[in-house]
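Report on the following structure.
Written out as structure tokens, the structure reads:
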């Protein structure tokens, strides 16, 4: 989806189809009063603000975390060794 660069208009701005799908999935989790954890770049202020507003509409907390690694080799090893979080799995803090 990310490679397609397909964009749709959502709430007055354009988002990728991947971002739109994530928004839908987040909303579903919040509707069920469950946590939603995203592992995504979210590299636009508009997208982060949209997700923050969505969380607020369900009286949920929103925490945006930014990870910066100045060591390119270390960063590459971390990304290549990254395990995607799935329901029922335990992810260690600092593993990514």
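Numbering (the numbering used here), first residue to last: 107 to 202.
Glycine is no exception: its CB is placed at the ideal position from the N, C-alpha and C atoms.
Since this is a predicted model, take the numbers as computed values, not measurements.
Item checked: Nearest-angstrom Cβ-Cβ length linking residue 156 and residue 123, presumed shorter than 8 angstroms -> Between residue 123 and residue 156 the Cβ distance is about 15 angstroms, and since that is not below 8 angstroms, they are no contact.
Check: Expressed to the nearest angstrom, what Euclidean distance is found between the alpha-carbon atoms of residue 137 and residue 166?
Finding: Going by the C-alpha atoms only, they are around 10 angstroms apart.
Margin query: Helix, strand or coil, according to DSSP, for residue 132 in the structure here?
Written below: Helix, per DSSP.
Notebook entry, point to check: Leaving out the 5 sequence neighbours to the left and right, which residues in its chain are closer than 6 angstroms to residue 187 when beta-carbon positions are compared?
Noted result: The answer is none, since no qualifying residue turns up.
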